[in-house]
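Q: The structure under discussion is supplied below as structure tokens; questions concerning it will follow.
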Amino acid sequence: MPDSSVPEVARIARDLIRIDTSNYGGGKANGEREAAEYVGAFLKSLGLEPEYYEPIPRRTNVMARVPGRNPDRPALVVHGHLDVVPAVAEDWTVDPFAGEIRDGMLWGRGAVDMKNMDAMILAAVADLLRAGEQPDRDLILVFFADEENGGVEGSALVVQDKAEWFAGATEAISEVGGYSITVDDHRAYLLQVGEKALMWLRLIAKGRAGHGSRFHEDNAVTRLSEAVAAIGRTRWPIRLTPTTQALLEGLSELTGRPVDDPDALASAAGPAEAFLRSTFRTTANPTALSAGYKHNVIPESAEALIDVRVIPGTEDDVLAELQRIVGDDIEIQTVVRDIGMETPFVGEFVEHMVAALGRHDPGVPVIPYLLGAGTDNKALAAIGITGYGFAPLQLPADLDFTGMFHGVDERVPVDSLVFGQRVLADLLRVC
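See below:
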């Protein structure tokens, strides 16, 4: 598409996608500096005064404050992250960092998670300021580094070292909420009011090194493989919270199906089924294996990484159960552990978010849900800020949007970005 026909919000998202901010975890990352500088330059063009914080070289965070009409009201944090998970170009239909627009879709790593929302924030704020408007209360715009590594080199350090950035703030909005799903041919929006707890674990198996040809019953790789398979095949029981119970009731009202079988009810959500089912239970997925250094050498040790997302409040029980599953001869190390959160689907700010969606898509229900993953709202919770997922997108019924988080061929409709920009701008005017 020629630039003249590309809406500004899509151009911003495209530009950010073209800045490769891949984060490999464990401190290995391309860094967010160029993306933060791009965002800072845009904010400065709007008359704002961006501040940067780079606690680790190239791991850059940027913030700007938008004064509101009522400075005595608590401020709202509107935040995104600038890093993305890596992409293997050979697996993609398009270059994942080209920011290609094809058939009305913007493609690229970050089109879903979460340079789309970064662009919507910038474009929405631009709508207000260029029109000479002010939000009702102060807005604190923050774009973090390192979210894809649990925020340990991003939001966690910003909250620790730059708490003054968030002075007077009580609420926040960010990614993975406010988007539409289609349930039995009925559209609904999911508003994220909670997140599961996070535990990134390392399994370590020890054995006896030796020649690959020998009879050998003390093989670390075999021991680790059995532990990984046992975890991967475990089916954790459904454990509902107030939020997931409310989600089921909302889905039941839409479909007429009973609430007594959560998985069956989630199946009515089509492509979003797996995303919703993960919110009803703990998930523990093996994600990486490491062992050995030569074909004919049995190594002394083997390791695996496990991504565990836990119903809030059950963390210690889950750790104990994982140890039981793998046995006492497997060491479990905690690499990252972070809190779960859940807040009621009530209050003035929730009403504002629901109303903003309703003004742009009248009559469509908004349902609360518990995110099966996590966001930088966890870091903000440590300083008393209540976070919500509100990145509003009206999506086609057949688009597997949730399946593209960290997947291949990430893409988002350009029209959905424009919708999100308008809803966000509407919300920020009045909330």
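Going by my numbering, the residue at position 248 of the sequence shown is 250; the numbering climbs one at a time, nothing skipped. C-beta atoms are modelled at their ideal positions from N, C-alpha and C, and glycine is treated no differently.
Measure from the alpha carbon of residue 358 to the alpha carbon of each residue in 118, 107 and 393, then state which is nearest.
A: Against the sequence shown, residue 358 aligns to sequence position 356. The candidate whose alpha carbon is nearest that of residue 358 is 393.
Q: Determine the direct distance from the alpha carbon of residue 157 to that of residue 66, and round the result to whole angstroms.
A: Translated into positions along the sequence shown, residue 66 becomes position 64. Translated into positions along the sequence shown, residue 157 becomes position 155. Those two C-alpha atoms are separated by around 15 Å.
Q: Can you tell which of 348, 216, 180 and 416 has its C-alpha closest to the C-alpha of residue 373?
A: Here residue 373 is taken as the residue at index 371 of the sequence shown, counted from 1. Comparing Cα-Cα distances from residue 373 to each of 348, 216, 180 and 416, the minimum goes to 180.
Q: On the DSSP bridge assignment, give the partners of residue 188 in chain order.
A: Numbered from 1 along the sequence shown, position 186 holds the residue referred to as residue 188. According to DSSP, which records beta bridges pairwise, residue 188 is partnered with 185.
Q: Starting from residue 335, trace the alpha helix (DSSP H) both ways and give me its first and last residue.
A: In the sequence shown, counting from the first residue as 1, residue 335 sits at position 333. Run containing residue 335: none in the alpha helix (DSSP H); it sits in the beta strand (DSSP E), 332-340.
Q: Within its chain, find whatever has a CB closer than 7 Å to the CB of residue 425; leave out the 5 residues flanking it on each side and keep chain order.
A: Here residue 425 corresponds to residue number 423 of the sequence shown, with the count starting at 1. Result list for residue 425: 358, 359, 362 and 394, in chain order.
Q: With C-beta atoms as the reference, is residue 427 less than 8 Å away from residue 12?
A: Residue numbering aside, residue 427 sits at position 425 when the sequence shown is read from its first letter. Residue numbering aside, residue 12 sits at position 10 when the sequence shown is read from its first letter. No, the Cβ-Cβ distance between residue 427 and residue 12 is not below 8 Å.
Q: Considering only residues of the same chain and omitting the five flanking positions on each side of residue 121, which have a CB-CB separation below 6 Å?
A: Here the question's residue 121 lines up with position 119 in the sequence shown. Excluding positions up to five away in sequence, the list reads 11, 14 and 15.
Q: How big is the Cα-Cα spacing for residue 7 and residue 416?
A: Counted from its first residue, the sequence shown places residue 7 at position 5. Counted from its first residue, the sequence shown places residue 416 at position 414. If I take the Cα positions, the gap works out to 11 Å.
Q: Suppose the cutoff is 6 Å on Cβ atoms and the five residues either side in sequence are ignored; what does the same chain contact list for residue 228 look like?
A: For the purposes of this step, residue 228 is taken as residue 226 along the sequence shown, with counting starting at 1. Nothing listed; no residue qualifies.
Q: Inspect the beta-carbon positions of residue 438 and residue 192 and report whether they are closer than 8 Å.
A: Residue 438 falls outside the range modelled here, since the chain spans only 3 to 433, and no answer is possible.
Q: Sorted by chain position, which residues of the same chain lie with C-beta nearer than 6 Å to residue 223's C-beta, five sequence neighbours on each side aside?
A: The sequence position of residue 223 within the sequence shown is 221, counting from 1. So the qualifying residues of the chain are 293 and 304.
Q: For residue 123, write down the residues that DSSP places opposite it in a beta bridge.
A: Along the sequence shown, read from residue 1 onward, the residue named residue 123 stands at position 121. In DSSP, residue 123 forms no bridge with anything.
Q: Assuming residue 254 and residue 260 make a contact with CB atoms under 8 Å, what is their CB distance in whole Å?
A: On the sequence shown, position 252 is the one that residue 254 refers to. On the sequence shown, position 258 is the one that residue 260 refers to. Between residue 260 and residue 254 the Cβ distance is about 7 Å, and since that is below 8 Å, they are a contact.
Q: When DSSP labels each residue in this structure, what does residue 309 get in the three-state scheme?
A: As a working mapping, residue 309 is identified with position 307 in the sequence shown. Of the three classes helix, strand and coil, the one that applies to residue 309 here is strand, per DSSP.
Q: Hey, out of 160, 288 and 69, whose CA is closest to residue 135's CA?
A: For the purposes of this step, residue 135 is taken as residue 133 along the sequence shown, with counting starting at 1. Among 160, 288 and 69, the Cα nearest to that of residue 135 is on 69.
Q: According to DSSP, which residues form a beta bridge with residue 39?
A: Mapped onto the sequence shown, residue 39 falls at position 37. Paired residue(s): none; residue 39 is not in a bridge.
Q: Is residue 218 near the ligand SAM - that is, is its Cβ less than 7 Å away from at least one heavy atom of it?
A: Because no ligand of any kind appears in the structure shown, any question about the ligand SAM cannot be addressed here.
Q: Determine the extent of the beta strand (DSSP E) in which residue 61 is found, giving its start and end residues.
A: Here residue 61 is taken as the residue at index 59 of the sequence shown, counted from 1. Per DSSP, residue 61 belongs to the beta strand (DSSP E) from 61-68.
Q: Just the C-alpha distance for residue 241 and residue 318, rounded to the nearest angstrom, thanks.
A: Residue numbering aside, residue 241 sits at position 239 when the sequence shown is read from its first letter. Residue numbering aside, residue 318 sits at position 316 when the sequence shown is read from its first letter. Rounded to whole angstroms, residue 241 to residue 318 spans 15 Å at the Cα level.
Q: In whole angstroms, what separates the C-alpha of residue 33 from that of residue 266?
A: Position 31 of the sequence shown, counting from 1, holds the residue named residue 33. Position 264 of the sequence shown, counting from 1, holds the residue named residue 266. About 42 Å.
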